[in-house]
Amino acid sequence: MRVFVTGATGFVGSAIVSELIGSGHEVLGLARSDEAAAMLQAAGAAIHRGSLEDLDSLRRGAAAADGVIHAAFIHNYSDLASAGVADRLAVEVMGAELAQSGRPFVVTSVIGHLTPGQLGTEKTAPDPGSAAKHRVATEEAALAMASQGVRVSVVRLPLSVHGDGDTGFVPALINLARSKRISAYVGDGANRWPAVHRLDAAHLYRFALETASAGARLHAIGDEGVPVRDIAGVIGRQLGVPVAGIQPEEATEHFGWLAHFVSMDIPASSALTQEQLGWRPLHPALLLDLDQGQYFTTNTYRNG
């Protein structure tokens, strides 16, 4: 199958490209720079010039493929609403190109828009009061395409997708602990983050492309819920700094833009995904991966 992949040089997307090529698929990867094009070429993928905001390039990419995996997102935390609009428009354009074809379309969503404090499953609808409304609109737009002749499925990613090259929330916490000389959590730190290894996530994207039914919601979850205080504990031990709780009213001052995410309690299950697709998370869990030490080597990880 020839697969058009957006976000093909990103942390998750690059793992998806390797997974697809290793399984005999051809990849057409979206590239907005010469550096991205070189990375795709080195990985053995064909290059499609464009960007998430260049809707015509997305339409042409989808038209040239047997299926699409949408793994791109503009991670602009200062304007997530605009990033969400761009994401939804991208999905709508590619979905329109795939309409009435039966071709597969795998769209990325997030666990973070589910109801806090409850174990979210694949059947759980987004929380109407979620701060992640920008991702809810994309998920809803994608799933609506199941009635338009598109074999669309949604893969919900957890707060932590970890592994070599991570540029997400955990490296940001490490950088913060290193600079402030304290590894902190909010309150008692019992709130939970779900997590998955990037290679397990990539495996699920391939399974979704090949076999998921139209309208499927899938959970890329390895750890159902890791207490944030346990994450902070590993960081503190690795850096040799104290580990302590921060009062909720002081969280913004200490964590800045991370405060909302560090405070989230959003456990989730992948039991139905595993049952339906036969997918299993096989790579190290978050705390084990973190405790192996590669997250703390100089210049290996950065805040992305």
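Our numbering numbers the first residue of the sequence shown as 220 and each following residue consecutively. No residue lacks a Cβ here, since even glycine has one placed at the ideal position from N, Cα and C. Model, not experiment: these values are computed from the prediction.
For Y424, the closest of I454, L392, G229, V236 by C-alpha to C-alpha distance is V236.
CA-CA distance, L338 to S482, rounds to 16 Å. For E443, the secondary structure class from DSSP, reduced to helix, strand or coil, is strand. DSSP, reduced to helix, strand and coil, places H244 outside both helices and strands of the structure shown, so it counts as coil. For the pair F223 and V287, the CB atoms are nearer than the 8 Å cut-off. The alpha helix (DSSP H) runs of length 4 or more contained entirely in the region 439 to 484 are, from start to end of the chain, 447 to 458, 470 to 474, 478 to 481.
Under the DSSP assignment, G280 falls outside any beta strand (DSSP E), being part of the alpha helix (DSSP H) whose first and last residues are 274 to 282. Here the alpha carbons of V231 and G384 stand approximately 10 Å from one another. Under the Cβ criterion (8 Å, minimum of three pairs), the region 414 to 423 does not count as touching the region 348 to 363.
In the displayed model, A360 falls within a helix according to three-state DSSP.
Ranked by how close their Cα comes to the Cα of I266, the residues E254, L274, D275, E272 have E254 in first place. Annotated as distal: M364 and F426, with beta-carbon spacing of 8 Å or more. Beta bridge pairing from DSSP links L437 with V374.
P345 has its alpha-carbon roughly 19 Å from the corresponding atom of S301. Using a 10 angstroms sphere on the CB of L392, the tally of other CB atoms reaches 16 or more, which defines it as buried.
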